[in-house]
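Below is one structure, written out as structure tokens; the observations come after it.
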Amino acid sequence: MNYPNVAILGAGTIGMSWAVLFAATGRNVSVYDPSLEAQGRVITLAENASKTLAALGWNHAGDVSKLVFTNDPIDAVSGADFIQESVPEQLDIKHALYAQIETYLKADVIIGSSTSGLKLSQMQAGFKNPGRFILAHPFNTPHLIPLVELMDNNQTEPGVLQAASDFYESIGKVCVRLNKEIPGHIANRLQAAIWRETIHLAMEGVASVGDIDKAVSFGPGLRWAAMGPNTLLHLGGGEGGIRAFCEHLGGPFQSWWDDLGTPQITPEVVDALETGVNAALKNTSMTKLAQKRDALLLKYILAARECKMSL
Ligand SMILES: NC(=O)c1ccc[n+]([C@@H]2O[C@H](COP(=O)([O-])OP(=O)(O)OC[C@H]3O[C@@H](n4cnc5c(N)ncnc54)[C@H](O)[C@@H]3O)[C@@H](O)[C@H]2O)c1
Numbered sequence: 030m031n032y033p034n035v036a037i038l039g040a041g042t043i044g045m046s047w048a049v050l051f052a053a054t055g056r057n058v059s060v061y062d063p064s065l066e067a068q069g070r071v072i073t074l075a076e077n078a079s080k081t082l083a084a085l086g087w088n089h090a091g092d093v094s095k096l097v098f099t100n101d102p103i104d105a106v107s108g109a110d111f112i113q114e115s116v117p118e119q120l121d122i123k124h125a126l127y128a129q130i131e132t133y134l135k136a137d138v139i140i141g142s143s144t145s146g147l148k149l150s151q152m153q154a155g156f157k158n159p160g161r162f163i164l165a166h167p168f169n170t171p172h173l174i175p176l177v178e179l180m181d182n183n184q185t186e187p188g189v190l191q192a193a194s195d196f197y198e199s200i201g202k203v204c205v206r207l208n209k210e211i212p213g214h215i216a217n218r219l220q221a222a223i224w225r226e227t228i229h230l231a232m233e234g235v236a237s238v239g240d241i242d243k244a245v246s247f248g249p250g251l252r253w254a255a256m257g258p259n260t261l262l263h264l265g266g267g268e269g270g271i272r273a274f275c276e277h278l279g280g281p282f283q284s285w286w287d288d289l290g291t292p293q294i295t296p297e298v299v300d301a302l303e304t305g306v307n308a309a310l311k312n313t314s315m316t317k318l319a320q321k322r323d324a325l326l327l328k329y330i331l332a333a334r335e336c337k338m339s340l
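Here you go:
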């Protein structure tokens, strides 16, 4: 097994999900988080997610003996082959932690930061030698959603990003690479673009929040889960592919782009979204909603794996 010893720095929403995934694959996972509640949270998630992780094929799903907890980051990283950092999204916190651990790292360790919004170059400044440090941004929740956005730069040692990518893919992740720094990386920018227009449509009274969500999940969203928008429109262009699509429908798309909204998240917008979501969900509890989402996601991920295998 490659990277048998993994360290988790920060076990909140994202770190605990990474921790249970790494443990489910049979790795020894050392978890550092200053919060007294972290250990209980991680163990509960490991137990709750065990069926899902077993369905994904991980033999150690729910095996909490693979998880050890420490309140000392140096303890956590000493002997670690791979480190996933998911501490709060504040540069000063990340820098202080990097400075604390750097001397104790194995020479060939890889450190991936889960950051959603900080730049790789900003974070690298926390290390004397950032050669083994990369950006490795998961999409919530990491134990289920495959995507990891990766980035290195000219301060990263050659081979580190590829080794990290190979490792993540060996545990079921799908990696994409950022070639330049941009706020929100790729996936969150795309998510932001769609969400912005859903708000615009709702505030313009074009449709209810519930119907706008259905229009995504039962229409283009289903297709996007199968293939990305460019590939789909390539298919949509028939024999002529994406070029034919642009020639035939580029004009209308351009006019829709020109008409897209640019809403702000004002108190009025928040009220309208909350009212709209509550009306659509008819008091479904958060737990039930999350269970339904995760059950569907699991079925989809398994189906997508099976489909790819038969291609
Ligand atoms: N929440 C998301 O949807 C999401 C998605 C992808 C990536 N991320 C990124 O993951 C990272 C963590 O985000 P989160 O949502 O899990 O935050 P969170 O607040 O849920 O968890 C952060 C954890 O870090 C702990 N912590 C605080 N100070 C610490 C320190 N000095 N050292 C170690 N741990 C410390 C906290 O106790 C907490 O458990 C951020 O960089 C964020 O951008 C978040």
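Under our numbering, the first residue of the sequence shown is numbered 30, with each subsequent residue one higher. Note that CB positions come from ideal geometry on N, CA and C, so glycine has one too.
The beta carbons of Tyr61 and Ile37 sit closer together than 8 Å. Look at the beta carbons and you see the stretch 235 to 247 touching the stretch 302 to 310: at least three pairs across the two are nearer than 8 Å. Counting only residues of its own chain and dropping the five nearest sequence neighbours on each side, Ala67 has a CB closer than 6 Å to the CB of Ala40.
Around the CB of Gly155, 16 or more other CB atoms lie within 10 Å, so the residue is classed as buried. Per DSSP, Arg206 is one residue of the beta strand (DSSP E) stretching across Val203 to Arg206. Assignment of beta-bridge partners to Ile37 by DSSP yields Val60 and Gln113.
In the three-state reduction of the DSSP assignment, Val177 falls in the strand class.
Going by C-alpha positions, His166 is about 16 Å away from Val189. Distance from the Cα of Ser143 is smallest, within the candidate group Ile130, Ala301, Glu76 and Pro171, for Pro171. Taken in chain order, the unbroken stretches of alpha helix (DSSP H) that lie wholly in the stretch 61 to 100 and span 4 residues or more are 67 to 77 and 79 to 84.
Taking 7 Å as the cut-off, the C-beta of Ala109 does not count as close to any heavy atom of ligand 1.
The C-alpha of Asp92 lies about 7 Å from the C-alpha of Ala52. For ligand 1, a non-hydrogen atom lies closer than 7 Å to the CB of Pro117. Out of Arg334, Val298, Ser194 and Arg206, the CA that lies nearest to the CA of Ala255 is found in Arg334. At a cut-off of 7 Å, the beta-carbon of Ala192 does not count as near ligand 1: no heavy atom of the ligand is closer than that.
Taking the Cα positions, Asp121 is about 22 Å away from Ser107. Across the structure, Ser199 and Ala193 are spaced so that their CA atoms are roughly 10 Å apart.
Separation of Ala109 and Arg56 (C-alpha to C-alpha, rounded to the nearest whole angstrom) is 11 Å. With 16 or more other Cβ atoms from the protein chains shown falling within 10 Å of its own Cβ, Glu178 counts as buried.
For His214, the secondary structure class from DSSP, reduced to helix, strand or coil, is coil.
The stretch 75 to 86 makes no contact with the stretch 111 to 126; the number of CB pairs closer than 8 Å stays below 3. DSSP places Pro167 in the uninterrupted beta strand (DSSP E) bounded by Phe162 to Pro167. When DSSP reads this structure, Gly239 sits in no beta bridge, so it has no partner.
Inclusion of Glu226 and Leu289 in the CB contact set at 8 Å is warranted, their separation being smaller than that value. Judged by beta-carbon spacing, Pro292 lies beyond the 8 Å limit of Ile223, meaning their Cβ atoms are not closer than that value. In this structure, the alpha-carbon of Arg322 lies about 12 Å from that of Ile330. Relative to ligand 1, Pro63 has its C-beta within less than 7 Å of a heavy atom. When DSSP states are grouped into helix, strand and coil, Ser246 belongs to the helix group. Runs of the beta strand (DSSP E) spanning 3 or more residues and lying entirely within the stretch 126 to 160 occur at 139 to 142, in chain order. Apart from the 5 residues on each side of it in sequence, Val245 sits with its Cβ closer than 8 Å to the Cβ of Ile223 and Thr227 in its chain, given in chain order.
Around the beta-carbon of Arg161, 16 or more other beta-carbon atoms lie within 10 Å, marking it buried. Looking at the backbone, the Cα of Ala319 and that of Leu219 are separated by about 22 Å.
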